[in-house]
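Report on one structure; see the data block that follows.
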Amino acid sequence: MLDGRGAIRRRAGARLWLSGGWLLLLVTVALFAPLVAPQDPLAQDLMSGRLPPFWSAQAEPGFWLGTDSLGRDVLSRVIWGARVALTVACIAGPLTALIGGALGLIAGFYRGWADRIISRLVDIWMAFPPVLFSILLIAVLGTGLTSIILAIVVIDWTRFARVVRAEAMNQGAMDYVAAAQVAGFSRLRTMTAEILPNVLPTLVALLSLEMGISVIVEAILSFVNLSLSTDAPTWGGMIAEGRTSIHQAWWVLAFPLVALFLTVLSFSQFGEGLKDRFDPVLR
Amino acid sequence: MLFLQRLLWRLATTAVTLFGVAVIVFTVVRVVPGNPIAMMLPPGATDADVARLKALYGLDRSIPRQFLIWGWGVLHGDFGTSISLRQPVLGLVLGRLPATLELASMALLMAVLMGGAAALTATRHRGTRVEAGIDVTNGVALSIPDFLWGLLLIIIFGVLMPVFDISGRVSPDLKLPFTTQFYLVESVLRLRFDITADLLGHIFMPALALAIPLAAIIGQVLKQSLKETMELDYVTLARTKGYGETRVILREALRNAILPTLTLVGVQFTFLIGGTVIVERLFSYEGLGNMAIDAVINRDLPLIQGIVLCFALIFTGVNLVVDLTYAALNPRLRHA
């Protein structure tokens, strides 16, 4: 049993370090994008369009990962795209967690009418195909960073509400909650001081996952050309461009895809790793 | 009796959900900026032309009134007329639905096969590196959504090793002698296996992209469920009878381990269907989701409403069936 726990903790450790490392690198690169990016991400040069990556004979120095059909530097656009992706993740993720978590907590702890209304809303939301829903919302709200973040919050709050509600119901049935009530805690205080801390590990793991999902949603929206202006460097926009010229210049699609892949994987693994680390049973 | 009660209750809540979806989508699409009417008319159209066309589509009335008219039509099978394609919405939706259903079913089949194989292999090789490897693969497969799997598959099997087609549902130069839109089913029934092969070559990658995350979930849950079952007495009894390990897993444990997985697959299947929207777009597959994105871009209000309602109907339908199956199969719920 002890050995089992040790193995799990070691694996969680490696997971945390690897995923945390990539996210840290990404944050640094995004913060210092103007210094790190070798080229101007918007600078077009039709004479040097579709240059291959550095290991190819036709590569040109300074364009490490090649250029797209308009001659824009792929590496610089991936770096600037990280800014957009992380901005969306860092605002949309916590906001969704806050709203969804609060509604889930209220539904799960207070039950009654609040629960019935919130649960019915969740049911209705779950009957929408999420991608279609987000595209529809962007069509309503207009493109831009704020609209993307708003769309993510409006759609994904149910993810938190469902899980936190179930967790709060589990915790609410436990003796320590009854004890708190006997000790004269108000309902509100019991919820915030007793239930919330016990729901927190789940919430944190879910938040990390949600940040990865936000990155994907942004990429999907820019893929269907509904995110920022067409010119702005976004991973999804690069992927859309790369998809159309995939047989001529696969690298335009491949590099933003790798960045997206590692980022989404890291967010989810980081969350799982944190959960394992803070899980009181494993600790 | 209790089952009947549950059935009626679930039917009622499903109706409420669908009504909610209709209200929300109806309101949302009417707030959309951008005038679909203006897009239909040639330049130089007069205000009177605009007003006439608005009246034709009923857009000159108040939103609640429009909703009543639309709702009344829906109940009578009339979903309105698409503004961009100028055809009845119902026909358009029914024309594309089979393509999406075939894609989703193919994906589900692949997910069950892959996930089942992973769980059985991991159980057969418990405690070895094989199991650890399957666990890690499952973890990665689960964290990456279908959109990214689709892109990866396009790069790997579309470009680096061009084995499969990456665009469309069927090669455009093929003559299709079909009467329904269920191409895959009909090609098999008509024994036109050349067309079947072409269709499979097109459906393989989008279906695989949708299947991978679901396969990972099936693999994890079935494995966990098998693990619990393998510790039960009757399995030990089977072992003492001298049955081989593979036979014990397949013939004894699997049957009892499969129930919790089944209900989970049902719920996850709706997520898979939701994923078809972007995956169809990615592979230019002519299904409902691809048409939906075009409808949003063209501000085609009646078509958007029709498609969203169609998806909502499928989602709630699948959930209803899963819920009732679970209630029917689980004796504790049946009598509770």
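The listed protein sequences correspond, in order, to chains A and B.
Each residue of the first sequence is one higher than the last, beginning at 3 in the numbering used here.
Each residue of the second sequence is one higher than the last, beginning at 32 in the numbering used here.
Ideal placement from N, C-alpha and C gives every residue a C-beta, glycine not left out.
Since the structure is predicted, the reported quantities are computational estimates derived from the model, not experimental observations.
Could you have a look at residue i and say whether DSSP puts it in helix, strand or coil?
i, result
"D196 (chain B)", "coil"
"D229 (chain B)", "helix"
"D70 (chain A)", "coil"
"T112 (chain B)", "strand"
"P54 (chain A)", "coil"
"D233 (chain A)", "coil"
"D78 (chain B)", "helix"
"P199 (chain A)", "helix"
"D75 (chain A)", "strand"
"P208 (chain B)", "coil"
"P129 (chain B)", "helix"
"P119 (chain B)", "strand"
"K272 (chain B)", "coil"
"P43 (chain A)", "coil"
"E243 (chain A)", "helix"
"Y265 (chain B)", "helix"
"L20 (chain B)", "No answer is possible for residue 20 (chain B): it lies beyond the span of chain B, which begins at 32 and ends at 367."
"R96 (chain B)", "helix"
"E217 (chain B)", "helix"
"Q60 (chain A)", "coil"
"Q250 (chain A)", "coil"
"L25 (chain A)", "helix"
"V217 (chain A)", "helix"
"A185 (chain A)", "coil"
"S224 (chain A)", "helix"
Just to confirm my understanding: we take residue i, look at its own chain, exclude 5 residues before and 5 after, and list those with CB closer than 8 Å. What are they?
i, result
"I140 (chain A)", "S149, I150, A153, L223, L228, S229"
"A326 (chain B)", "S113, S115, L334, I335, I338"
"E259 (chain B)", "A288"
"R61 (chain B)", "I94, Q97, L332"
"V31 (chain A)", "V38, I81, A84"
"V194 (chain B)", "F188"
"I280 (chain B)", "L151, T154, R155, L257, M261"
Would you say residue i faces chain A, with C-beta separation under 8 Å as the test?
i, result
"F387 (chain B)", "Limits of chain B in this structure are 32 at one end and 367 at the other, which puts residue 387 (chain B) out of reach."
"L179 (chain B)", "yes"
"G51 (chain B)", "yes"
"L183 (chain B)", "yes"
"V308 (chain B)", "yes"
"V349 (chain B)", "no"
"F300 (chain B)", "no"
"A242 (chain B)", "no"
"I186 (chain B)", "yes"
"S113 (chain B)", "no"
"T159 (chain B)", "no"
"S93 (chain B)", "no"
Using a beta-carbon distance below 8 Å, is residue i in contact with chain B?
i, result
"I286 (chain A)", "The first residue shown for chain A is 3 and the last is 285, placing residue 286 (chain A) beyond what the model contains."
"W237 (chain A)", "no"
"I126 (chain A)", "yes"
"A182 (chain A)", "no"
"V133 (chain A)", "yes"
"A175 (chain A)", "no"
"R122 (chain A)", "yes"
"A168 (chain A)", "no"
"L105 (chain A)", "no"
"A116 (chain A)", "no"
"F162 (chain A)", "no"
"A84 (chain A)", "no"
"A109 (chain A)", "no"
"A129 (chain A)", "yes"
"L20 (chain A)", "no"
"L138 (chain A)", "yes"
Short of 6 Å in beta carbon distance, which residues of its chain neighbour residue i, apart from the five on each side in sequence? Order them along the chain.
i, result
"Q251 (chain B)", "N169"
"L105 (chain A)", "I120, A163"
"W24 (chain A)", "L264, S268"
Who are the near neighbours of residue i in its chain, counting only those whose CB is closer than 7 Å to its CB and skipping five residues on each side?
i, result
"S377 (chain B)", "Residue numbering for chain B in the displayed model covers 32 to 367; residue 377 (chain B) lies beyond these limits and cannot be assessed."
"A94 (chain A)", "I151, I154, V155, S216"
"G255 (chain A)", "Checking the sequence shown, residue 255 (chain A) turns out to be Leu, not Gly. Within the same chain, L255 (chain A) has close Cβ partners I241, G244, R245, I248."
"W127 (chain A)", "T160"
query = Unbroken alpha helix (DSSP H) runs of length 4 or more, entirely within the segment 282-357 of chain B: which are they?
reply = 285-313, 319-328
inquiry  = Under 7 Å, CB to CB, which of the residues in the segment 251-276 of chain A have a partner in chain B?
reply    = W252, L255, A256, L259, L262, F263, V266, L267, S270, Q271
ask   = For the segment 310-338 of chain B, which residues have a beta carbon sitting closer than 8 Å to at least one beta carbon of chain A?
value = R312, L313, G320, A323, I324, V327, I328, R330, I335, I338
task = Output, in sequence order along the chain, the residues in the segment 39-52 of chain A whose CB is closer than 8 Å to any CB in chain B.
result = none
query = What residues from the segment 64-76 of chain A come within 8 Å of chain B, judged by C-beta to C-beta, listed N to C?
reply = none
task = Using a Cβ-Cβ cut-off of less than 8 Å, list which residues of the segment 141-152 of chain A approach chain B; keep chain order.
result = A141, V142, G144
key: Cβ-based contacts, 7 Å cut-off: residues of the segment 204-232 of chain A near chain B   = I218, I222, V226
ask   = the segment 194-207 of chain B: which residues have C-beta closer than 7 Å to a C-beta of chain A, in chain order?
value = none
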